[in-house]
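Asker: If you count by this note's numbering, then the sequence shown holds residues 802 to 888, one letter each, in order. Using N, Cα and C, we set each Cβ at its ideal position, and we do this for glycine too.
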Amino acid sequence: MQGQADDLGGGVYKKRLNDNLHRSIVLAKGAKYWVYEYLFAKKDRDNIEDDELLAFRLLAKSYAGLTEPQVSQLLVGGDFVEICHDD
C-alpha cells in the first residue's frame, strides 16, 4: 500500500492514483483479491458520503462470502474483470 491508501474499515480502502489526481474505492476479500469498485477524480469530489461508505462496507462483506467458483463465474460472465494476477 506504500502510504497511498487509507483503511476506511469493513474491508473498504480509499486508494490514491495518478499522483493523487484520482481516487478509487477498493473492496478487499482478505488476502485473496481486491475489487476496484468506484473511481473518481479528486477535482470532482473530495470524498464519499457516509451512506456510501456503509453501502461499500456491506458490499465488501458480501464479496468476502463469495466462494472461488462464484468468483470464477463472475469473471466468466464479465461481471468482474481481472486486471492483475500474480500466478
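What's the C-alpha gap between T868 and K844?
Answerer: The residue labelled residue 868 in the question sits at position 67 within the sequence shown. The residue labelled residue 844 in the question sits at position 43 within the sequence shown. Cα to Cα, T868 sits roughly 37 Å from K844.
Asker: For G811, which option in F857, L818, A842, Q805 has the closest C-alpha, if you only look at C-alpha atoms?
Answerer: The residue you call residue 811 lines up with position 10 of the sequence shown. When only C-alpha atoms are compared, the closest one is F857.
Asker: Starting from K833 and walking both ways along the alpha helix (DSSP H), at which residues does that stretch end?
Answerer: For the purposes of this step, residue 833 is taken as residue 32 along the sequence shown, with counting starting at 1. Segment: none, K833 is in no alpha helix (DSSP H) and carries neither H nor E.
Asker: Between the Cα of K862 and those of K830, D820, L822, L809, spot the shortest distance and give me the residue it belongs to.
Answerer: Locating residue 862 in the sequence shown gives position 61, counting from the first residue. When each option's Cα is compared against that of K862, the closest is K830.
Asker: Could you check what DSSP says for D852 in three-state terms: helix, strand or coil?
Answerer: For the purposes of this step, residue 852 is identified with residue 51 of the sequence shown, where counting begins at 1. Helix.
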